[in-house]
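Be aware that the sequence shown starts at -12, since it is given in the numbering used here, and climbs by one per residue. Scroll down for the structure; my scribbles are underneath it.
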Amino acid sequence: MNDIITKIKELKREKNAVILAHCYQNAEIDEVADFVGDSLYLSQQAAKTDASIIVFAGVFFMAQTAKMLNPTKKVLLPRKESGCLMADMINLDQLREFKSKHPNIPTVCYINSTAEVKTECDICCTSSNALKIVKSLNEKEILFVPDNYLGKWVESKLDNVKITTYNGFCPTHLKIKPEDIIHAKEKYPQAKVLAHPECSQEVTKLADYVGSTTGIMKYTIENPAKQFIIATEKGVVDRLKRDYPEKEFILVKPDIICQNMKWHTLEDIYNSLKYEQYEIDVDKDTIQKGVRCIERMLEVSA
């Protein structure tokens, strides 16, 4: 493994490349990544990089977002199969139909959406800033696509704001049931429960903390508790166990794994850099129409 890590680092220097990795990726990817984090953090890094090539160890919509922020740079997705089931739940026609039923209402789109969907939304958000983004609009009614659960969680945190959500969801987070939290708490009664807002509200209501992957990781570092039940993708637990061995991190159930996020290996990263594959292309018209949605998010989150 050390040999391929060395080769990747050499290629990065040679080609002036940067590697962005989401924290749901296989933990081995961290050995070569320049930045590891959640969607907001990686979008911020993509927006300000001076690298010539961006290798995105994540899923398709993330690489698309990086391309929209860097239209003149080469953006590579090491495994082209790495999609997002939630993002696939809404296309441009479905968005237009949804908006036509609720006219003249601002639309917030979760970053887990395609470039085309972003062209007809007012502002983008991630799980770490969704509440802040919705507040920034200062509206009494909002449309939220595509994640029903994140949208409804945001609504539960606000007074006098109605959020009408599209019926999208994350299949991985919906594997987590309230009984899973209850059983884990019975086994680890002193543990704090940390959940991602893509989980159902029945699950988030049982949590001590609800937040993005970065928020969850930050909470475990700052909280004096020694045990944590983690209700999000396994990659978060893998990194916490590696970095903070003095604490105990319990994945709420063993199958909370996003297969699309887990495609990438070090060999894929190496081949992507060596052969400059697979390049993500977004047409100029889509970039022009959709990038403002992302830029507005970054401005609010600055």
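Glycine included, C-beta positions come from ideal geometry on N, C-alpha and C.
Identity of the residue in the options nearest residue i by Cα
i                 : options                         : result
glutamate 286     : Thr201, Glu15, Asn116           : Asn116
asparagine 247    : Pro65, Ile6, Ala4, Asp37        : Pro65
histidine 160     : Arg226, Glu220, Pro90, Glu282   : Glu220
asparagine 91     : Val23, Cys108, Ile77            : Cys108
leucine 7         : Glu1, Asn(-11), Met(-12), Thr52 : Thr52
cysteine 245      : Met73, Arg279, Asp230           : Met73
proline 165       : Glu209, Lys240, His89           : Lys240
alanine 308       : Gly138, Glu235, Leu227, Val132  : Nothing about residue 308 can be read from this structure; the chain reaches only from -12 to 289.
isoleucine 59     : Gly45, Thr36, Ile77, Cys71      : It is worth fixing the name first, because residue 59 is threonine in this sequence and not isoleucine. With distances taken between Cα atoms, threonine 59 lies closest to Thr36.
phenylalanine 236 : Ile243, Ala178, Gly277          : Ala178
aspartate 366     : Gly277, Phe131, Gln12, Val223   : For residue 366 there is no data in the structure shown, the boundaries of the chain being -12 and 289.
alanine 4         : Ser259, Val278, Asp230          : Ser259
cysteine 280      : Lys174, Arg229, Thr113          : Thr113
isoleucine 163    : Gly138, Asp242, Asp230, Trp140  : Asp242
methionine 76     : Asp134, His89, Ala50            : Asp134
tyrosine 175      : Lys271, Ile208, Ile216, Ser199  : Ile216
serine 288        : Ile16, Asp21, Val121, Val132    : Val121
asparagine -11    : Glu1, Arg0, Val19, Lys2         : Val19
Proximal residues to residue i (C-beta, below 6 angstroms), its chain only, five neighbours per side dropped
i                : result
leucine 56       : Ala33, Ala34
cysteine 157     : Met73, Glu185
phenylalanine 85 : Tyr153
lysine 234       : Lys213
lysine 54        : Val62, Ile267, Val269
tyrosine 196     : Leu181, Tyr206
serine 199       : Asp25, Ser114, Ser115
Neighbourhood of residue i by C-beta, 7 angstroms cutoff - its chain only, sequence neighbours within 5 removed
i              : result
threonine 273  : Ala102, Glu103, Thr106
alanine 194    : Val180, Leu181, Ala182, Ala218
methionine 49  : His9, Ser26, Leu29, Phe43
valine 278     : Met55, Leu56
tryptophan 250 : Arg66, Glu68, Ser69
aspartate 167  : Val239, Lys240
Reduced DSSP secondary structure (H/G/I, E/B, other) of residue i
i              : result
cysteine 186   : coil
glycine 155    : strand
glutamine 214  : strand
glutamate -3   : helix
isoleucine 243 : coil
leucine 227    : helix
tyrosine 196   : strand
lysine 119     : helix
valine 278     : helix
glutamate 128  : strand
alanine 171    : helix
valine 287     : helix
leucine 260    : helix
aspartate 268  : coil
aspartate 134  : strand
isoleucine 150 : strand
glutamate 142  : helix
Sequence-distant residues of the same chain with beta carbon closer than 8 angstroms to residue i, five excluded per side
i            : result
tyrosine 257 : Ile(-9), Lys(-6), Ile(-5), Leu(-2)
lysine 149   : Lys127, Glu128, Ile129, Glu142
lysine 61    : Ser39, Ile40, Ile41, Glu263, Glu266
aspartate 17 : Ala8, Val23, Arg226
Examine the Cβ distances between the segment 187 to 206 and the segment 145 to 152 and report whether three or more of them are shorter than 8 angstroms.
no
At which residue ranges does the segment 89 to 116 contain complete beta strand (DSSP E) runs of 3 or more residues, listed in the order of the chain?
94 to 97, 110 to 112
Evaluate the contact criterion for the segment 36 to 43 versus the segment 87 to 101: three or more CB pairs, one atom per stretch, below 8 angstroms.
no
Could you give the uninterrupted runs of the beta strand (DSSP E) lying entirely in the segment 7 to 88, keeping only those of 3 residues or more?
22 to 24, 40 to 44, 61 to 63
Closer than 8 angstroms is the cut-off here; do at least three beta carbon pairs connect the segment 66 to 83 with the segment 15 to 33?
no
Between the segment 153 to 169 and the segment 75 to 89, can you find at least three pairs of beta-carbon atoms closer than 8 angstroms?
yes
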